[in-house]
Structure formats: C-alpha cells, structure tokens
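Novice: Could you have a look at this structure, given as structure tokens, before my questions?
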Amino acid sequence: MINSRKIEDLHPKMQELCRQFIADCLAAGVEVAITSTYRDNEYQNFLYAKGRSDKNSKKVTNAKGGDSIHNYRLAFDFVPLLAGKPQWNDLDLFKRCGACAMLLGLEWGGEWTSFKDYPHCQFTNGLTLSQLRSGKISSPTD
Ligand SMILES: [Zn+2]
-5 MINSRKIEDL HPKMQELCRQ FIADCLAAGV EVAITSTYRD NEYQNFLYAK
45 GRSDKNSKKV TNAKGGDSIH NYRLAFDFVP LLAGKPQWND LDLFKRCGAC
95 AMLLGLEWGG EWTSFKDYPH CQFTNGLTLS QLRSGKISSP TD
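Structure (structure tokens):
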C-alpha cells in the first residue's frame, strides 16, 4: 500500500500548485503541513473500509480505490500548524488556507456540500473522474 506525503509524488503541475499553496498560506500567516499526496488504489480501499467493514473507525472517505483524485496524483491533503502542531479542529485556519487554495484555482474540499473535506485540495483541470480513469491524466500540464 502506498500513502505518500511527498510533493514529488504528485503530477508535475500539481507539485507546482502545492508548493505555491504552501507559500501563499505562509504569506497569509498560516504554516501548513502536507499530510497526503499520492495514494495507490489499495490504500484508498483500506481508507474506504474505515467505518464500513472496519467498525473500529468513523467513515473517512466516500471514495474507493480508483475513485479518489489522490489515485491520479492530482490531490493533496494539508493541515494548518500552530507552533508546529497540527490543528485538525481549527475551522478558521482551514478556511484561511482554503481561500488561498481557491485563489490558486484549486478545488477545495471545504466547499463541497455533501461531504466536507477541509484538508483536501485537488486540481483536475475540468477532467472528470471517468476521464481520469480512462487515462486522461496528462492534460493538466497542457
Ligand atoms: Zn484528500
């Protein structure tokens, strides 16, 4: 199973956006850590089991392997830091970072209506999941 937090494991265009996002958040006064970048389908299925077949956890995702933008190297998750410590429950800090993400043209999970995913940012350049699944992954560099 692969669950990377390395920026280098993202799509080249997304690496650029991720580094700019970190810099923009810092300029807005918020330090962030990147907690997840590329995941393989196996790890995504492991996450999907949480709160379903794995009853010891709450649900953490609605995406199975192949259904997450992380599987296509076009998404990353972040957490705001205060004095180096992750602030998972500080909605205000997440919103400040989300604003930076949206200014960069990223889609921020905090804006989703059905399942709010505050740490999540993605950039598909308008490609749908089924297009990504069929291999249309190079387009975001065009
Ligand atoms: Zn995510």
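Residue numbers (my numbering): -5 to 136. Think of the CB as a built atom: it goes at the ideal place given N, C-alpha and C, for glycine as much as any other residue. Note that this is a predicted model, so its numbers are computed, not measured.
1. Report the option in Phe117, Asn65, Gly99 and Ala27 whose CA atom is closest to the CA atom of arginine 33.
2. Beta-carbon within less than 8 Å of arginine 67's beta-carbon, same chain only, minus the 5 sequence neighbours each way: which residues are those?
3. What is the DSSP secondary structure of asparagine 65, counted as helix, strand or coil?
4. Could you spell out where the beta strand (DSSP E) holding glutamate 25 opens and where it closes?
5. In whole angstroms, what separates the C-alpha of leucine 121 from that of glutamine 14?
6. Check whether the segment 94 to 103 touches the segment 76 to 83, counting contact only when three or more Cβ pairs, one atom from each stretch, lie closer than 8 Å.
7. Once DSSP output is grouped into helix, strand and coil, what is the label at arginine 13?
8. Suppose contacts are defined by Cβ-Cβ distances below 7 Å. Is cysteine 91 in contact with proline 74 by that definition?
9. Where does proline 113 fall in DSSP's three states?
10. Kindly indicate if chain C contains any beta-carbon less than 7 Å away from that of aspartate 84.
11. At a cut-off of 6 Å, is aspartate 61 close to ligand 1 when judged by its beta-carbon and the heavy atoms of the ligand?
12. From the DSSP secondary-structure annotation, give me the bridge partner or partners of glutamate 101.
13. So for aspartate 3, helix, strand or coil by DSSP?
Specialist: To lay it out plainly:
1. Scanning Phe117, Asn65, Gly99 and Ala27 for the CA closest to the CA of arginine 33 turns up Asn65.
2. Take arginine 67, set aside five residues on each side of it, and the residues of its chain with a beta-carbon closer than 8 Å to its own are Asp3, Leu4, His5, Met8, Thr31, Tyr32 and Ile131, in chain order.
3. DSSP places asparagine 65 within a helical segment (H, G or I) once states are collapsed to three.
4. From DSSP, the beta strand (DSSP E) with glutamate 25 extends over 25 to 30.
5. One C-alpha to the other measures close to 22 Å.
6. In this structure the segment 94 to 103 does not touch the segment 76 to 83; the number of beta carbon pairs closer than 8 Å is below three.
7. Arginine 13: helix per DSSP, three-state reduction.
8. Closer than 7 Å, so yes.
9. The answer is coil: DSSP assigns proline 113 none of H, G, I, E or B.
10. Protein chain content of the structure displayed is limited to a single chain, and chain C is not contained in it.
11. Flag unset: Cβ of aspartate 61 not near ligand 1.
12. Answer by DSSP bridge pairing, in chain order: Gln116.
13. Of the three classes helix, strand and coil, the one that applies to aspartate 3 here is helix, per DSSP.
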